[in-house]
Amino acid sequence: MRALILIALLLFPVQAGAELVYRGMETLWQDTVWEGEVLIDGILTVAPEVTLEIRPGTVVRFTPLDSFGDGIGEHEIFIQGRLKAVGTAEQPIRFTSSDPNPGPASWGAINMMLSEDEENLLVHCIIEYAYRGFHAHFSRARVSDSLLRRNMRGFQFQESTVVIERCRVENNVNGLQFRDSTVLLKDTWISGSFWGVRCVYSEVDLVDCRIEDNLINGVNLRDSTLRARGNLITGNRRGLYLQRSQGIVHGNLVTDSSEHGIFLEDSDVVITDNRILANGRSGVRWLNAQGRLEGNHIEGNGLYAVSNEGDTPLAAGGNWWGTADPQEIALLARIASADEQRGAILLQNPLPAPPVLEVPEL
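Residue numbers (the working numbering): 1 to 362.
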């Protein structure tokens, strides 16, 4: 029995007790377990086919080093194998700076490259003061029940498949930015950034999220596909902004944007059964777009309920506009084109009363 225990420890070493320190350029060549206190004073690489497991309650600190003078810390973990950082609600795993007065970009990133053989796991983690809290290329990962705060970029990834569930992404300079990726973003709160969610060339499912108080855009997709349902998008400059994109927007509450609730530019989108309320300039802005706007509750928006500023007609029948009077409804629509054959807004069959919709509440 003692021999079996010894073999297990040799194959799967556990680092515990006194603080574990890595300095300079080091590499983990065999499966390793961390618990307790870990200090990374350099760049630590997890080699291909190697798993780094981090146990509940572990604190991983990174020393600050900015050798280029660009305000970006360089010390980080570089995962080429697999990361399994699974904490608990009572004992989260914390990735942070060793600086007593840190700011965003004090250290580099939890960085993944070509790590797609097995799904990387970050569960009940706190990631703070990084340049990029979570960063990946050509990788697979699942991040759940975690808090990413005060990073320069909470999430940044490319060419990856990522699931983000039940997380809070708050008070980062940018919340999430990614490209060429497949993403499920579910039951997650993104607030207090310049950009909440920003991506290009990606396929995104946005489900039951709260996107709130981001200074530029809540959700901004370009050349992408979006399926958005059950989200609360509130208090951003633009709530949902799609450029050269396609998708379905169903059952969301889009409210209190300082400019436009939903802005579609050169996109093809079906917008159904949403509440689009109290946005500063317009509920929906339509610019050379395709699709339809149907079954929505659109009321109390600033200048216009709906504005068509392009060449394509907008099919906007079967919505509730806060009134059933056709003349009042017509005043809520803005057609920017001087040619009545272009950029029309088709307001046929308005609803006689507010629809009963299943959307989130403030």
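The C-beta atom is built at its ideal place from N, Cα and C for all residues, glycine as well. No experiment lies behind these values; they were computed from the predicted model shown.
Residue i (DSSP reduced to helix, strand or coil)
i: Ala330; result: helix
i: Phe68; result: coil
i: Val356; result: coil
i: Ser282; result: strand
i: Arg222; result: strand
i: Val204; result: strand
i: His124; result: coil
i: Phe138; result: coil
i: Leu20; result: strand
i: Leu11; result: Because Leu11 sits at a pLDDT of 44, beneath the cut-off of 50, its placement in the model cannot be relied upon, and the following sentence gives the value as read from the coordinates. In this structure, Leu11 counts as helix in the three-state DSSP scheme.
i: Phe155; result: strand
i: Ile345; result: strand
i: Thr182; result: strand
i: Cys167; result: coil
i: Cys199; result: strand
i: Ile335; result: strand
i: Thr27; result: strand
i: Ile216; result: coil
i: Val173; result: coil
i: Thr161; result: strand
i: Leu362; result: coil
i: Pro350; result: coil
Cβ-based neighbour list, residue i, same chain, cut-off 6 Å, excluding 5 preceding and 5 following
i: Thr272; result: His250, Glu294, Gly295
i: Ala136; result: Met112, Phe157, Ser160
i: Ile127; result: Phe95, Gly133, Leu148
i: Pro352; result: Ala324
i: Gly24; result: Gly42
i: Thr225; result: Glu203, Gln246, Gly247
i: Ser191; result: Glu170, Glu212, Asp213
Euclidean distance between Cα positions of residue i and residue j
i: Phe194; j: Asn217; result: 7 Å
i: Leu306; j: Gly133; result: A quick correction: the sequence has Val, not Leu, at residue 306. Rounded to whole angstroms, Val306 to Gly133 spans 38 Å at the Cα level.
i: Gly310; j: Gly291; result: 14 Å
i: Asn171; j: Gln156; result: 15 Å
i: Ala324; j: Cys199; result: 39 Å
i: Val163; j: Pro354; result: 35 Å
i: Glu49; j: Thr188; result: 31 Å
i: Val270; j: Ala89; result: 39 Å
i: Gly57; j: Ser257; result: 39 Å
i: Arg244; j: Ala289; result: 9 Å
i: Gly230; j: Ser139; result: 28 Å
i: Thr19; j: Val59; result: The sequence as given places Glu at residue 19; Thr does not occur at that position. Their backbone Cα atoms lie some 10 Å apart in a straight line.
i: Gly235; j: Gly175; result: 15 Å
i: Ser280; j: Ser181; result: First, the amino acid is wrong: residue 280 is Gly here, not Ser. Approximately 32 Å between the Cα atoms of the pair.
i: Asn274; j: Gln177; result: 25 Å
i: Val33; j: Asn120; result: 15 Å
i: Leu364; j: Arg222; result: Residue numbering for the chain in the displayed model covers 1 to 362; residue 364 lies beyond these limits and cannot be assessed.
i: Ile262; j: Gly283; result: 6 Å
i: Ala391; j: Pro100; result: Residue 391 cannot be examined here, being either before or after the span of the chain that is shown, 1 to 362.
i: Tyr22; j: Leu39; result: 6 Å
i: Ser97; j: Glu74; result: 12 Å
i: Tyr131; j: Ala109; result: 6 Å
Contacting residues, own chain, Cβ-Cβ under 8 Å from residue i (five flanking each side not counted)
i: Gly103; result: Tyr129, Arg150
Contacting residues, own chain, Cβ-Cβ under 7 Å from residue i (five flanking each side not counted)
i: Cys125; result: Ala85, Gly87, Pro92, Ile93, Phe95, Ser146
i: Glu358; result: Gly251
i: Val173; result: Pro104, Met152, Arg153, Ser193, Phe194
i: Asn349; result: Gly317, Gly318
i: Gln80; result: Thr45, Val46, Ala47, Pro48, Met113, Leu114, Ser115
i: Glu118; result: Arg82
i: Ile335; result: Asn308, Gly343, Ala344, Ile345
i: Arg179; result: Gln158, Cys199, Val200, Tyr201, Ser202
i: Ala333; result: Tyr304, Ala305, Val306, Ile345, Leu347
Complete runs of the alpha helix (DSSP H) confined to the segment 39-118 [at least 4 residues]: You should have found no qualifying run.
Stretch-stretch touch, CB-based, cutoff 8 Å, three pairs: the segment 151-159 with the segment 77-94: No, because fewer than three Cβ pairs between the segment 151-159 and the segment 77-94 fall closer than 8 Å, the two stretches do not touch.
contact_flag[the segment 204-219, the segment 318-332] where n(CB pairs < 8 Å) is 3 or more: The segment 204-219, when compared against the segment 318-332, does not touch it at the 8 Å Cβ threshold.
Inside the segment 235-312 only - alpha helix (DSSP H) runs reaching at least 4 residues: The segment 235-312 contains no whole alpha helix (DSSP H) run of 4 or more residues.
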